[in-house]
């Protein structure tokens with residue numbers, strides 16, 4: 002039977018009409034699937050008993066299965082998710098307590114009744130074909146793209162795995178396994194499910210899609226989701242250095258990527274530059290100067306990005322592990338200081354979940 006999970010609002014309205022039902026029945030079904038996360042037609046009590054029986058005889062509602070759950074000592078939860086065809090992906094749920102005075106978020110602190118946020122890091126592909134040398138997902142074979150339903154379901158499963166964190170605001174980052182803009186159709190369809198007020202109801206400005214920078218696909222994403230944030234995985238201030246870490250950087254160079262950003266439809270979306278700090282390779286003072294040169298070019302075009310510096314997170318499996326090492330805290334703080342002193346808003350991301358291989362760059366969907 003057809004699995005309804007993953008169908009869009011319009012598709013469910015059309016399904017209702019094909020069954021001879023009024024369009025509002027499709028809208029109700031959409032809410033049951035995505036706002037309430039229901040999988041049993043018998044629970045949909047705003048439908049008649051006969052309609053529930055007919056739907057159950059013709060359709061099913063199935064989510065991927067959580068095969069393993071690993072909780073980090075810092076509270077992050079990594080889910081190993083099994084898809085219907087048996088392939089595996091990983092999702093990370095990170096809870097943080099919000100400071101009521103300043104609205105800022107920090108590490109979740111036990112159960113104290115405070116409003117707390119949940120950030121869900123979702124995957125978009127099984128494996129990744131881009132083979133960036135600092136990313137564990139690129140060290141395993143690429144198998145396929147995920148569907149819109151498989152992407153959206155990760156948010157649902159993460160909320161269930163972190164019930165305390167889910168009480169507050171929700172944020173979604175497309176920064177898990179895979180390159181989202183090699184799966185633009187699946188990503189944009191999943192964004193519609195997450196942002197729809199009848200679905201997950203997550204404000205688009207609380208969603209960020211990370212990409213290595215595929216210019217044509219950046220344009221497609223920008224047109225389809227004008228409020229969703231875009232994060233560019235830059236990781237160097239010059240194309241030659243970037244190409245050593247990221248093979249795709251030899252094909253799509255920074256001027257081409259920046260032009261795609263400059264051509265996005267006007268909106269108040271957030272643009273982020275992501276920069277993983279590799280010890281002795283891209284975290285030196287001259288590397289900071291090169292990055293600032295690129296940031297000033299963007300600023301001259303009217304884009305002042307947020308700069309997200311990321312500590313490198315190593316791994317051992319698959320062997321031989323990455324050809325990089327983490328930098329020192331001192332070098333990271335020095336790099337941060339130079340970028341901040343130049344007038345750019347910048348942060349140094351403190352790794353969460355490293356002890357269970359859930360930190361940035363460590364996802365690879367390998368069972369424990």
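Numbering (the numbering used here), first residue to last: 2 to 369. Here a beta-carbon is modelled for each residue, glycine too, at the ideal position from N, C-alpha and C.
{"Asked": "In the DSSP assignment, the alpha helix (DSSP H) including residue 258 goes from what residue to what residue?", "Found": "255-263"}
{"Asked": "So residue 333 packs on residue 312, CB below 8 Å; how close in whole Å?", "Found": "7 Å"}
{"Asked": "Got a sec, what are the start and stop residues for the beta strand (DSSP E) residue 384 sits in?", "Found": "For the chain, the structure presents residues 2 to 369; residue 384 sits outside this window and is missing."}
{"Asked": "How would you label residue 322, buried or exposed, when you count the other beta carbons within 10 angstroms and need 16 or more for buried?", "Found": "exposed"}
{"Asked": "Taking the continuous beta strand (DSSP E) assigned at residue 212, which residues delimit it?", "Found": "208-212"}
{"Asked": "Quick one: any contact between the region 175-187 and the region 217-232, if contact means 3 or more CB pairs under 8 Å?", "Found": "yes"}
{"Asked": "Rounded C-beta distance between residue 327 and residue 250? I'm assuming under 8 Å.", "Found": "About 21 Å separates the two Cβ atoms, so there is no contact after all."}
{"Asked": "Three-state secondary structure (DSSP) at residue 175?", "Found": "strand"}
{"Asked": "Can you tell me where the alpha helix (DSSP H) holding residue 296 begins and where it ends?", "Found": "286-301"}
{"Asked": "Alpha carbon to alpha carbon, what distance is there between residue 94 and residue 3?", "Found": "29 Å"}
{"Asked": "Around the Cβ of residue 91, are there at least 16 other Cβ atoms within 10 angstroms (buried) or fewer (exposed)?", "Found": "buried"}
{"Asked": "I'd like the ranges of any alpha helix (DSSP H) spanning at least 4 consecutive residues and lying wholly in the region 291-367.", "Found": "330-342"}
{"Asked": "Should residue 122 be labelled buried (16 or more other beta-carbon atoms within 10 Å of its own) or exposed?", "Found": "buried"}
{"Asked": "Which two residues bound the contiguous beta strand (DSSP E) that contains residue 72?", "Found": "66-72"}
{"Asked": "How many whole angstroms separate the CB atoms of residue 304 and residue 272, which I take to be in contact at a CB cut-off of 8 Å?", "Found": "6 Å"}
{"Asked": "Looking at the structure shown, is residue 126 part of a helix, part of a strand, or coil, going by DSSP?", "Found": "strand"}
{"Asked": "Whole angstroms is fine: what's the gap from residue 10's alpha carbon to residue 129's?", "Found": "29 Å"}
{"Asked": "Residues in its own chain within less than 6 Å of residue 363 by CB, not counting five upstream and five downstream?", "Found": "137, 314 and 316"}
{"Asked": "Checking the sheet assignment: what are the DSSP bridge partners for residue 189?", "Found": "Looking at the DSSP assignment, residue 189 forms no beta bridge with any residue, so it has no partner."}
{"Asked": "In the structure shown, what three-state DSSP assignment does residue 118 receive?", "Found": "strand"}
{"Asked": "Along the chain, where does the alpha helix (DSSP H) containing residue 132 start, and where does it finish?", "Found": "Residue 132 -> no alpha helix (DSSP H), and no H or E assigned at all."}
{"Asked": "Using a Cβ-Cβ cutoff of less than 6 Å, which residues in the same chain neighbour residue 61 once the five nearest sequence positions on both sides are dropped?", "Found": "2 and 4"}
{"Asked": "With a CB to CB cut of under 7 Å and the five nearest residues on each side skipped, what residues in its chain are close to residue 41?", "Found": "none"}
{"Asked": "What separation, rounded to the nearest whole angstrom, lies between the Cα atoms of residue 338 and residue 346?", "Found": "11 Å"}
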